[in-house]
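Here the protein sequences come in this chain order: Z and L. Just so we're aligned: 53 in our numbering is position 52 of the first sequence, and the numbers increase by one with no gaps anywhere. Just so we're aligned: 177 in our numbering is position 176 of the second sequence, and the numbers increase by one with no gaps anywhere. Everything on this sheet refers to the single structure shown next.
Protein chains: 2
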Amino acid sequence: MILEGELAPGERLNERALGERLGISRTPLREALRILASESLVRVEPNRGAIVAPIDRADIEATFEVLAALEGLAGELAATRISDAELAEIKALHFEMRAHHARGDRAAYFAANQSIHARIARAGGNDVLGETFERLNARVKRVRYAANLSRARWDKAVDEHDRIIAALEARNGPALRAILESHLAGKRESVLAAFATGRPAEAYD
Amino acid sequence: MILEGELAPGERLNERALGERLGISRTPLREALRILASESLVRVEPNRGAIVAPIDRADIEATFEVLAALEGLAGELAATRISDAELAEIKALHFEMRAHHARGDRAAYFAANQSIHARIARAGGNDVLGETFERLNARVKRVRYAANLSRARWDKAVDEHDRIIAALEARNGPALRAILESHLAGKRESVLAAFATGRPAEAYD
DNA sequence: TATGTCGCTTTGGTATACCAAATTGAGATA
DNA sequence: TATCTCAATTTGGTATACCAAAGCGACATA
Chain Z
2 MILEGELAPG ERLNERALGE RLGISRTPLR EALRILASES LVRVEPNRGA IVAPIDRADI
62 EATFEVLAAL EGLAGELAAT RISDAELAEI KALHFEMRAH HARGDRAAYF AANQSIHARI
122 ARAGGNDVLG ETFERLNARV KRVRYAANLS RARWDKAVDE HDRIIAALEA RNGPALRAIL
182 ESHLAGKRES VLAAFATGRP AEAYD
Chain L
2 MILEGELAPG ERLNERALGE RLGISRTPLR EALRILASES LVRVEPNRGA IVAPIDRADI
62 EATFEVLAAL EGLAGELAAT RISDAELAEI KALHFEMRAH HARGDRAAYF AANQSIHARI
122 ARAGGNDVLG ETFERLNARV KRVRYAANLS RARWDKAVDE HDRIIAALEA RNGPALRAIL
182 ESHLAGKRES VLAAFATGRP AEAYD
């Protein structure tokens with residue numbers, strides 16, 4: 002939705018003003034806000050209205066911890082259940098991603114990267130897992146862009162992706178789980194490091 | 002909410018009728034339905050209204066698979082981070098649960114059991130994990146009551162709980178993870194078995 | 001008798017009006 | 001000058017009215 006980056010965390014969301022800006026009435030806007038609230042993207046305080054949900058260090062750590070567990074499970078499932086077509090598509094995305102990396106195109110890299118992880122999350126055939134993963138991922142998306150600050154970390158992430166693809170091709174579930182869990186742990190650290198240096202660009206969506 | 006068990010899965014939820022029955026207007030009712038929809042407890046079809054979300058075998062399998070991973074992580078975290086007070090409270094609940102088991106009081110057993118698992122999920126201090134666990138757990142709560150059909154399975158579950166408590170006291174994270182994961186797998190099997198025998202009582206809440 | 005079409009009724013989607021709670025600013029008093 | 005109080009305005013909560021789309025039934029025709 003439009004809230005990702007266009008409005009600052011903690012900002013009050015005036016229902017009348019926002020509704021007018023979006024060209025819709027308060028009723029559907031409120032319904033949308035309730036949905037966003039249930040996804041922890043906005044926070045609705047009783048009789049106080051909605052604000053863009055702020056995200057703090059503890060939230061980021063906690064979310065990545067869960068994401069790592071979920072993606073680990075996804076990897077384990079995907080290794081045994083993924084179809085050849087899905088694998089081929091993920092490989093294609095992987096090489097596109099490497100191309101973006103080679104060109105230094107961070108935005109395109111990020112999009113391909115997200116797509117790969119989303120596909121792995123869904124490749125195990127567990128819809129609940131896929132949904133839960135994407136829901137939690139949405140909460141940290143705006144700060145994830147801030148990662149990959151250092152070229153070294155970026156290169157390392159790409160290496161890890163090579164290993165992810167290799168494990169997936171080998172249908173080695175336990176290995177894939179281990180790689181994904183440490184990959185996510187690495188992401189967590191770089192996001193936290195970037196987050197520590199005075200709230201970097203949260204607007205990339 | 003009142004939807005747990007009081008309305009049959011698949012049942013249409015007429016907004017005007019339901020609103021009158023609850024003594025509220027359509028606006029807040031619709032907001033509540035959207036929230037329930039985002040938790041997959043009801044399904045809202047465009048221009049068709051809301052129905053109580055049906056749950057099928059695949060949903061149950063998928064949800065328990067994710068719950069097992071989440072509770073495994075929770076156990077690993079809890080083993081290292083749980084406070085003495087929280088541990089004492091969980092032990093107290095455990096013995097209450099054993100008392101209910103000894104008396105054969107399934108409803109009370111179930112409540113204590115749920116409380117124990119919820120506390121373990123939160124004991125690791127990861128709020129995102131706790132929330133996610135309870136959200137997913139809510140989706141299968143209504144069918145979980147149907148488990149523990151056989152006395153043998155029930156006894157086995159209680160034994161597993163003894164081992165859970167032991168691992169928690171020993172602060173043995175990996176062991177606790179393993180026990181919880183297999184415990185959930187066992188739950189999944191008994192729920193699926195019960196579910197297979199013609200949709201048993203979904204109304205216990 | 002069966003099928004297709006048209007219209008009516010039901011029901012969800014949206015806008016708006018009204019109400020109550022909360023916040024803020026001004027004025028008065030200590 | 002600072003603080004407390006009261007009132008006015010802002011803003012979220014709820015009810016209701018209106019609109020449009022979908023479902024259903026009846027009637028007509030093949």
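Yeah, the Cβ is synthetic: ideal placement off N, Cα and C, and Gly gets one too.
_Does chain Z have any CB closer than 9 Å to the CB of tyrosine 205 of chain L?_
Residue placement at tyrosine 205 of chain L cannot be trusted, given a pLDDT of 30 that sits under 50; the coordinates are not used to answer.
_Three Cβ pairs or more, each shorter than 8 Å: is that satisfied between the region 17 to 35 of chain L and the region 117 to 126 of chain L?_
no
*Could you spell out the range, first to last residue, of the alpha helix (DSSP H) harbouring arginine 143 of chain L?*
128 to 145
*asked:* Rounded to whole angstroms, what is the Cα-Cα separation between leucine 37 of chain L and alanine 100 of chain Z?
replied: 42 Å
*Would you verify that the beta carbon of glutamate 21 of chain Z is, or is not, closer than 9 Å to some beta carbon of chain L?*
no
_On the CB-based measure, 16 or more other CB atoms within 10 Å of its CB, does arginine 35 of chain Z come out buried or exposed?_
buried
*asked:* I need the DSSP call for glutamate 46 of chain L, collapsed to helix, strand or coil.
replied: strand
*Thinking just about the alpha-carbon of each residue, which of L/Arg31, L/Ala158, L/Glu170, L/Glu77 is nearest to the one in alanine 93 of chain L?*
L/Glu170
*Answer with yes or no whether the minimum CB distance from alanine 158 of chain Z to chain L is below 9 Å.*
no
*When you compare only the Cα positions, how much space is there between alanine 18 of chain L and proline 10 of chain L?*
17 Å
*How is the alpha helix (DSSP H) around alanine 158 of chain Z delimited, first residue to last?*
152 to 170
*Determine which residues share a DSSP beta bridge with alanine 51 of chain L and list them.*
L/Leu14, L/Val45
*From isoleucine 83 of chain L to leucine 4 of chain Z, what distance separates their C-alpha atoms?*
37 Å
*Beta carbon proximity, serine 183 of chain Z to chain L, threshold 9 Å*: no
_Chain-order list of residues whose beta-carbon lies under 7 Å from that of valine 67 of chain Z (same chain, five-residue window excluded)_ = Leu137
*Answer yes or no: do leucine 193 of chain Z and glycine 73 of chain Z have a C-beta to C-beta separation smaller than 9 Å?*
no
*Cα separation between phenylalanine 96 of chain L and alanine 86 of chain L?*
16 Å
_Simplified DSSP assignment, three categories, for serine 183 of chain Z_ = helix
_Inter-residue Cα distance where the pair is leucine 8 of chain L and arginine 49 of chain L_ = 18 Å
*Tell me, please, whether the CB atom of alanine 59 of chain Z is closer than 9 Å to any CB atom in chain L?*
yes
*asked:* At the 9 Å Cβ level, is valine 129 of chain Z part of the contact set with chain L, yes or no?
replied: yes
*Quick one: give me the first and last residue of the alpha helix (DSSP H) that aspartate 57 of chain Z is part of.*
No alpha helix (DSSP H) contains aspartate 57 of chain Z, which DSSP labels as neither H nor E.
*Taking Cβ-Cβ distances shorter than 7 Å, what residues in chain Z pair up with glutamate 32 of chain L?*
Arg31, Glu32, Arg35
*What is the DSSP secondary structure of alanine 100 of chain Z, reduced to helix, strand or coil?*
helix
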